[in-house]
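To start, the structure under review is shown below, and the notes come after it.
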Amino acid sequence: MTKEKTGPMIINLQKDFRNRRIIVKSRTAIILMFVSALLMSLIYEPIGWSFLAWFGLVPWVIANVGTEKPKHAFFMNLGIWFLYYLANLSWLWNVTGPGLVGLAVYLGFYIVFSGWVVRGAYLKRRWPMVLVLPVAWVAQEYLRAVVLTGFPWLFISHSQHNCLKLIQCCDIFGAYGVTFIVAMVNGFLCDLLLRPLVAAPKSGQRKLKLTTKTSFVIVSAVVVVALFYGAFRIKQSQDTTTQGPLITVVQESIPQYVEESGQSSQDIFDKHYDISRQALSKDDKPMLVVWPETVINSDFNILPTLSQEVIDDSISENIETFRQSSGYTDLTEKEKQQQEQVIKDYFSCPKKFDNDLRSMARDNEVYMLIGAAANDYDLKGEQLNYNSAFLYQPDGSKSDRRYDKMHLVPFGEVVPFKKSCPWLNRLLNSFTPYDYDYSLDYGQKAIVFEMSRDQEAYKFGVMICYEDVTSEVARELTVSNDGKKRADFLLNITNAGWYVSTDADQEQRAAGDYGKITTSAQHSQHLAQCRLRAVENRVGIARSVNTGISCFIKPDGSLQAGGKVTSLAEDPFDRQGQIGFVTDNVYIDSRISLYSKIGDVFAIACVVATALILIVNFKRKSFQEKIDL
């Protein structure tokens, strides 16, 4: 009996799958987008489930390409991602509720933009998501970082800060390279579900194939190469990285309302002064002591130089102006006395603080970096206000160099249109945390400080507050225009007292009792971003942060646990809300990264590619047969 041979089974489809369109019902699309927003919320600190980022965008893509009507995709994107940003940036609520709402709406439009790009590429061209999604997502992150001075928060790359091997590619592509890799894996998973793997050619044209197998090979190769490159660079750092100077970073835990009141200038100064004395009393004596941003809120470049007679006259004049103000009669006697004390402290304290800092630097033969306010005048006689950093030297003198913050926080430190459109400026000012015009002026130069002891000499730059979130500032401080490294390491001085809450009532606050301080997700998310700046520019970074997280970061992005001497927790992430200091060596890397030289060329290329996708998509070509899900 002979066995009959059977051939392969052939299934004939009515039309090629390339011409089919997946349709997702509106309710399903909303659920998918919500799931994606939830997954992408869990990837960041303090939860930090970074593995979810590798597939967290998949439901969002399916919802965008499957929603039948464009307007439905628009409103779903805007609504759900508005809630996403509202929840994940909730630490801004204590600073400005209306500002948070406006920011969440604004950021939601970038997701709308990305969804529009992805949707058009799928519906009109059937282009593979493995290529389109990473390009479009990097483009929206970059635009979000630069438009209107930028808000570069909650990037996919920020979630991967603990994967040291992966983030080493930042020294070529910046943080956007990590985002691209993770988004590419998301795109490949989307392709497996949507199957837009072959571009339908016109008659007589060559086929352009990107099969599942080819996509898998490309994605795997990109991930493997990135990890091998990371392993190589980490191993290489053993030969290129050396211990730099011993530095002490000081951390207090003072809520912002205390600094804003102006009633505790001396108390705030004394707290930092006492912590510094404690650190300097140890055997491991630092070469540099670093205080956080705006420890001294008074003008710290002009007031200390004035004679006591001029200071007394200024106090009298301003108190008299205060007494003649329209709101003076509405205050209680106690409030009047408090406000008069604020005026006295503003003018008299800087001179005393300056003398105390000179004495501490001279007596301990140590450099001291202080965050403070500075005032200057332009050629027209108009006052310029800066958020600055001052350096005291071991001989007790103050360095001639002063760094003025170059990248100001929108609506926190500067409100646009002050001169060009005053009425709009006044309207926008209502969204700030202040009831007065607080706009600062932009620093113009990337100042690098110098210090030396015996045979040791070092140069360093200072990033104030969110300047370490903005990659361009770190680049400018690290490498000069000729491509040479001009800073051995960087400092980040920050006041995160804005983003804490306290259970102290009004009476406790008036008595100087801060109560129990609770920190927010801002602290750990900020540190995660700073780690990427270290890798991008191959520099060690020391952070001094009011309310935390003060720590040291190596040029490979790893955190230095503990320290030579510390009164804070061993694990940097456990230092939130603590009071104390860390003394440790900052590390110096001899390598000059490609990213430091070329900047965000890769991200800009993604923006250009996204623009080309949009242009091509204007030519209508749709796939109409539907499969309902």
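Heads up: the sequence shown is residues -12 to 616, going by our numbering. The beta carbon of each residue, even a glycine, is placed where N, CA and C say it ideally should be.
Can you grab the Cα-Cα spacing for the pair Ile600 / Val104, in whole Å?
7 Å
Comparing alpha-carbon positions, which option in Met20, Asn75 and Gln238 lies nearest Ile34?
For the set Met20, Asn75 and Gln238, the Cα lying nearest the Cα of Ile34 is the one of Asn75.
Spatial neighbours of Ser346 within its chain, please: CB distance less than 8 Å, with the 5 preceding and 5 following residues excluded, ordered by chain position.
Gly383
Using the Cα positions of Met63 and Met20, report the straight-line distance between them to the nearest angstrom.
Taking the Cα positions, Met63 is about 8 Å away from Met20.
8 Å contact criterion, which Pro381 and Glu352 should meet: CB distance rounded
Pro381 to Glu352, Cβ: 4 Å. Contact.
Looking only at its own chain, which residues have a Cβ that is under 8 Å from the Cβ of Arg131, when we skip the five neighbours before and after it?
Leu94, Tyr97, Gly137, Phe138 and Pro139
For Leu65, which of Pro85, Gly89 and Leu153 has the nearest alpha-carbon?
Gly89
Selected residue, minimal CA-CA separation from Asn374, among Tyr390, Tyr364 and Asp365
When the alpha-carbon of Asn374 is set against those of Tyr390, Tyr364 and Asp365, the nearest one is in Tyr390.
Can you check the stretch 572 to 612 for any alpha helix (DSSP H) of at least 4 residues that lies completely inside it and give the ranges in chain order?
581 to 585 and 588 to 604
Spell out the partners DSSP gives Gly628 in its beta bridges.
Outside the displayed range of the chain (-12 to 616) lies residue 628, so it cannot be described from this structure.
Note down the Cα distance separating Ser224 from Val522, rounded to an integer number of angstroms.
The alpha-carbon atoms of Ser224 and Val522 are separated by roughly 11 Å.
Tell me where the beta strand (DSSP E) around Tyr429 begins and ends.
No beta strand (DSSP E) holds Tyr429; DSSP gives it neither H nor E.
How far does the alpha helix (DSSP H) with Pro85 in it reach, from first residue to last?
Gly84 to Gly107
Meets three-Cβ-pair contact criterion under 8 Å: the stretch 113 to 127 and the stretch 164 to 180
yes
Assign Arg193 to buried or exposed, taking buried as 16 or more other Cβ atoms, counted over all protein chains shown, within 10 Å of its Cβ.
A caution first: Arg193 carries a pLDDT of 44, below 50, which makes its placement in the model unreliable, though a value can still be read off. Exposed is the call here.
Measuring alpha carbon to alpha carbon, tell me which residue in Trp47, Thr597 and Gly53 is nearest Lys12.
Gly53
Distance between beta carbons of Ala361 and Phe287, contact taken as under 8 Å:
6 Å
Output yes or no for whether 9 Å exceeds the beta carbon distance between Gly470 and Ile579.
yes
Would you give the residue range spanned by the beta strand (DSSP E) that Ile540 belongs to?
Cys538 to Ile540
For Val526, write down the residues that DSSP places opposite it in a beta bridge.
Answer is none; Val526 lacks a bridge partner.
Would the stretch 507 to 526 and the stretch 534 to 554 be scored as touching if the rule is three or more Cβ pairs under 8 Å?
yes
Return the CA-CA distance between Tyr216 and Gly161, expressed in angstroms with no decimal places.
14 Å
Classify Phe605 as buried or exposed, calling it buried when 16 or more other Cβ atoms lie within 10 Å of its own Cβ.
exposed
Taking the beta strand (DSSP E) that Gln238 falls in, what are its first and last residues?
Thr228 to Gln238 is the span of the beta strand (DSSP E), which, as asked, contains Gln238.
Just checking my contact of Val92 with Phe61 at CB under 8 Å: how many whole Å lie between their CB atoms?
13 Å between Cβ atoms; not a contact.
For Val603 and Leu180, what's the separation of their Cα atoms in angstroms?
24 Å
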